[in-house]
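Each residue of the sequence shown is one higher than the one before, starting from 1 at the first, in the working numbering. Notes follow the structure.
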Amino acid sequence: MSVVTSPLALQSSHNPPVNRTAAAPAQRRVDSRLLLRDSRELVIEHLGQEYRLRRTRNDKLILTK
C-alpha cells in the first residue's frame, strides 16, 4: 500500500506558498494606433539610445535600434 501526500501537506508554516501572479505588476496595454497616430514610424528614446518603431506595408511592427 502506498501513501500519497498532497503538495499542500508538504508545506510548512515557515515557508508559506508564494503566489507569483499576485507579485507580477499589471501589464500596460497601448494601442499602436495611439502611438503611431498618422505616421508609419516613431522614435523611442531609452537610456540615451534611439529605437525606431515602424509599421510595415503589411501592418506589422518592427522595432530597430
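Yeah, the Cβ is synthetic: ideal placement off N, Cα and C, and Gly gets one too.
Selection from the options that minimises the alpha carbon distance to residue i
i, options, result
"T64", "R57, V43, L34, N58", "V43"
"Y118", "I62, R57, N58", "Because the chain spans 1 through 65 in this model, residue 118 falls outside it and cannot be assessed."
"K60", "L36, Q27, A26, A24", "L36"
"E41", "A26, A23, S32", "S32"
Beta-ladder partner(s) of residue i, from DSSP
i, result
"T64", "R52"
"L42", "L53"
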